[in-house]
Structures are given as C-alpha cells and as structure tokens.
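Shown next, in structure tokens, is the structure this report addresses.
In the working numbering, the protein residues as written are 46 to 250.
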C-alpha cells in the first residue's frame, strides 16, 4: 500500500469529529511517511537484531503535545555510538520484547513534567496480541493500542487538543504546515539526551 492511499490527519480529524485515538494517528499519511523515513534511515533493518522483515518504528519516549510523526529524525545510525534517536526501527518481535521489559517515559511537554504510567492490565503494555492479528489487527480491546491505563479512552495528545489540532488545521489552511516539522522546544532535546544512554545499553544487550 503506497503512502498516497492513507488518509491525511486532517481527513481523519474530520471523519472522527476531532476525536482520534493513538491507533488512528498511526493509520494516517503523515505517520506512514515518517515511518518510511525512519526505516530507510536505519537501512531497512531492526536496530536490535538486524532482521529486515516485519519492521516497525518505536517511539523511545512520548510527549503529550507531539503527534506521532513530530519527533526528530536525527540518528548516528550505528548502535555502537551514542544515539539521540527519539524514533528507531525494530522488528515486531524486538518491539514487543521492549514493551514487555520497559515502560517508556511519558512527558507532559509543558514544563517537562514526567508522568507515571501503568501498563495495561490486559496486554501488559504491548497494545496488541500477535496471535489475534486476524481480529482488528490484534489490537487490545481494553486499551485500544494506548498501552497504558492512564491513557485508556484518551489519545496521547487528546488532553491538549486546542494547541495541537487547532494549530495544525490553521497552519494547513494557511499553507505553512510541513509534515516533517519538528516542534522546536528544549524538552525534546533534553529527552533525546537523557534517553540515549539507556537506549544504547538496551540495543547492545
């Protein structure tokens, strides 16, 4: 399926009357384009095991005021070097294992506040069940792919929709929005620096 066949974020907002789940956002054109950029950047290989199939893009942390594709593309590419990646390519197995063993940091960007999160009681933070992929792509019916109890019934950015969705719509209408635009704030830089050591340790383990 080419990226042109995916609906845009604005189309999805209109279709769902402004209420999008995290899963909805991962089905839009902007995310698919970002996903392709990251996988190509990583040489079409899992950064953990080196496999070249069933590749997914992993967010190393979440920020409440960022849409899934609004994270930096920066990469040193070699796992042996320090990395400031906020997005990395993992195969589906390594991605699932990561979420089983770790709880990614969730930040409320305003003020850089670290939020405590609890893994979904049903899927244990995986968001999906691979053995049920024939039913709605295996999505967990409890959390609907949100992965954490605190986010059930919400989107990662739904808590501040005015600052994200309204600005997005206005910029799109004004013709100034860039799909690969990264919010330039000190928190994202801080998160990338803070996370790089932990990420490298995991990639090299």
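Each residue gets a CB set at the ideal place from its N, CA and C atoms; glycine is no exception.
Residue i versus residue j: straight-line alpha-carbon distance, rounded
i: residue 156; j: residue 112; result: Caution is warranted here: a pLDDT of 41 is assigned to residue 156, below 50, making its placement in the model unreliable, and the coordinate value is therefore given only provisionally. Going by the C-alpha atoms only, they are around 18 Å apart.
i: residue 63; j: residue 57; result: 8 Å
i: residue 90; j: residue 61; result: 34 Å
i: residue 130; j: residue 190; result: 23 Å
i: residue 101; j: residue 179; result: 18 Å
i: residue 74; j: residue 146; result: 30 Å
i: residue 53; j: residue 110; result: 19 Å
i: residue 169; j: residue 55; result: 31 Å
i: residue 67; j: residue 183; result: 15 Å
i: residue 175; j: residue 86; result: 26 Å
i: residue 72; j: residue 105; result: 19 Å
Beta-carbon gap between residue i and residue j smaller than 8 Å
i: residue 165; j: residue 185; result: yes
i: residue 107; j: residue 77; result: no
i: residue 118; j: residue 82; result: yes
Cβ-based neighbour list, residue i, same chain, cut-off 6 Å, excluding 5 preceding and 5 following
i: residue 188; result: 165, 197
i: residue 251; result: Because the chain spans 46 through 250 in this model, residue 251 falls outside it and cannot be assessed.
i: residue 167; result: 185, 187
i: residue 133; result: 92, 103
i: residue 1; result: The structure shown does not extend to residue 1, since the chain is modelled only from 46 to 250, so the question has no answer here.
i: residue 177; result: 183
i: residue 208; result: Since pLDDT at residue 208 reaches only 43, below the 50 mark, its modelled position is unreliable, and no value is offered.
Beta-carbon contacts of residue i that lie in its chain and below 8 Å, excluding the five residues immediately before and after
i: residue 162; result: 148, 151, 193, 194, 195, 196
i: residue 136; result: 91, 93, 94, 96, 98, 99, 100, 101
i: residue 181; result: none
Residue i, buried or exposed, once every other Cβ within 10 Å from all chains shown has been counted against 16
i: residue 98; result: exposed
i: residue 70; result: buried
i: residue 79; result: buried
i: residue 173; result: buried
i: residue 116; result: buried
Can you check the segment 140-180 for any beta strand (DSSP E) of at least 3 residues that lies completely inside it and give the ranges in chain order?
Correct list: 150-153, 158-160.
Along the chain, which unbroken stretches of the alpha helix (DSSP H) at least 4 residues long are found entirely within the segment 76-112?
none
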